[in-house]
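Beneath this line is the structure, given in structure tokens, with notes to follow.
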Amino acid sequence: GAVVSQHPSWVICKSGTSVKIECRSLDFQATTMFWYRQFPKQSLMLMATSNEGSKATYEQGVEKDKFLINHASLTLSTLTVTSAHPEDSSFYICSARDTAGGTKETFYGYTFGSGTRLTVV
Amino acid sequence: GQSLEQPSEVTAVEGAIVQINCTYQTSGFYGLSWYQQHDGGAPTFLSYNALDGLEETGRFSSFLSRSDSYGYLLLQELQMKDSASYFCAVRARNYGGSQGNLIFGKGTKLSVKP
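Chains as they are written, first to last, in the numbering used here: chain H, 1 to 121; chain Z, 1001 to 1114.
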């Protein structure tokens, strides 16, 4: 089945440093990848949509200069949290949409990575 | 805009049946899906309804009524491992040729007691 590999699974960094999170579709091509953020006991909120070869589209309230997204290939998207602060501590999850459409069993192509727990100290 | 409403918490005992409701408001409808998320984990796809009616997948079933903008997830023969958060989700309307993202409800925390 469709698998999305997300690394690292957890990271602790110092305030002011940058962290890169990688999301890779292993056995399918993903023209579109979505990045979500989830604070404790809350829902998943879309941060941005990245399309291969073009600039990401950010949701209202998400700083594009702080959360840099690169989607350079059909299987890889990265999210870099720049100058991280404690309020950026959260669970970040990517979701890759199968270009071929996927199957009903994956809700027609939405496959999630395993998530990255970011703690900024 | 698009929004989904579901109860914040539900408690049930092992072996029981529990129903988690979801009402939605969308501009365009592309199906209702359900995800399970254990603490610290990523969402796991459970079920999907595009048309009215009941979809059964083992102990889990999902129902949709498009005329009522309503659906539910039914969990039968509850087990302790079913303790998790459950999210309903819809697809956002596609725009500009891009694929619509998923919009999630706030989640229902299910606690299964012995």
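Quick reminder that beta carbons are idealized off the backbone N, C-alpha and C, glycines included. The model shown is predicted, which means the values in this text are computed figures rather than measured ones.
What's the gap between the Cα of residue i and the Cα of residue j?
| i | j | result |
| --- | --- | --- |
| Z/Gln-1006 | H/Gln-42 | 13 Å |
| H/Lys-55 | Z/Glu-1056 | 40 Å |
| Z/Leu-1032 | H/Ser-83 | 37 Å |
| H/Cys-94 | H/Phe-34 | 6 Å |
| Z/Ser-1069 | H/Gly-16 | 45 Å |
| Z/Gly-1107 | H/Pro-86 | 25 Å |
| H/Ser-77 | Z/Val-1010 | 36 Å |
| Z/Thr-1044 | Z/Asn-1021 | 18 Å |
| Z/Ser-1098 | Z/Asp-1039 | Note that Z/Ser-1098 has pLDDT 44, beneath the 50 cutoff, so the model's placement of it is unreliable and no number is given. |
| H/Leu-46 | Z/Val-1013 | 34 Å |
| H/Ser-114 | Z/Ala-1042 | 5 Å |
| Z/Gln-1037 | Z/Ala-1084 | 6 Å |
Please report the Cβ distance between residue i and residue j, rounded to the nearest whole angstrom; I am assuming they are in contact, meaning their Cβ atoms lie under 8 Å.
| i | j | result |
| --- | --- | --- |
| Z/Phe-1087 | Z/Tyr-1024 | At roughly 12 Å, the Cβ-Cβ gap does not stay under 8 Å, so Z/Phe-1087 and Z/Tyr-1024 are not in contact. |
| H/Val-161 | H/Ser-89 | The structure shown does not extend to residue 161 of chain H, since chain H spans only 1 to 121, so no value can be given for it. |
| Z/Ser-1047 | Z/Leu-1073 | 7 Å |
| H/Ser-116 | H/Val-11 | In the sequence as presented, Ser is not what sits at residue 116 of chain H; that position holds Thr. Yes, they are in contact, since the Cβ atoms of H/Thr-116 and H/Val-11 sit about 7 Å apart, within 8 Å. |
| H/Thr-111 | H/Val-19 | With a Cβ gap of about 23 Å, H/Thr-111 and H/Val-19 do not count as contacting. |
| H/Tyr-92 | H/Arg-37 | 6 Å |
| H/Leu-44 | Z/Phe-1104 | 5 Å |
Taking the alpha-carbon of residue i as reference, which of the options has the nearest alpha-carbon?
| i | options | result |
| --- | --- | --- |
| H/Ala-100 | H/Phe-91, H/Thr-116, H/Leu-74 and H/Thr-78 | H/Leu-74 |
| Z/Lys-1109 | Z/Arg-1059, Z/Ser-1003 and Z/Val-1018 | Z/Val-1018 |
| H/Leu-26 | H/Thr-32, H/Phe-39, H/Met-45 and H/Ser-5 | H/Ser-5 |
| Z/Ser-1061 | Z/Thr-1026, Z/Leu-1075, Z/Ser-1111 and Z/Ala-1092 | Z/Leu-1075 |
| Z/Gly-1053 | Z/Ala-1042, Z/Phe-1029, Z/Phe-1045 and Z/Arg-1066 | Z/Arg-1066 |
| Z/Pro-1114 | Z/Arg-1091, Z/Lys-1081 and Z/Phe-1104 | Z/Lys-1081 |
| H/Thr-32 | H/Leu-118, H/Asp-98 and H/Met-47 | H/Asp-98 |
| H/Ser-50 | H/Glu-22, H/Asn-70 and H/Leu-44 | H/Asn-70 |
| H/Thr-57 | Z/Gly-1001, Z/Asn-1101 and Z/Arg-1091 | Z/Asn-1101 |
By DSSP, does residue i sit in helix, in strand, or in coil?
| i | result |
| --- | --- |
| H/Glu-59 | coil |
| Z/Lys-1113 | strand |
| H/Lys-20 | strand |
| H/Glu-52 | coil |
| Z/Glu-1014 | coil |
| Z/Glu-1009 | strand |
| Z/Glu-1055 | strand |
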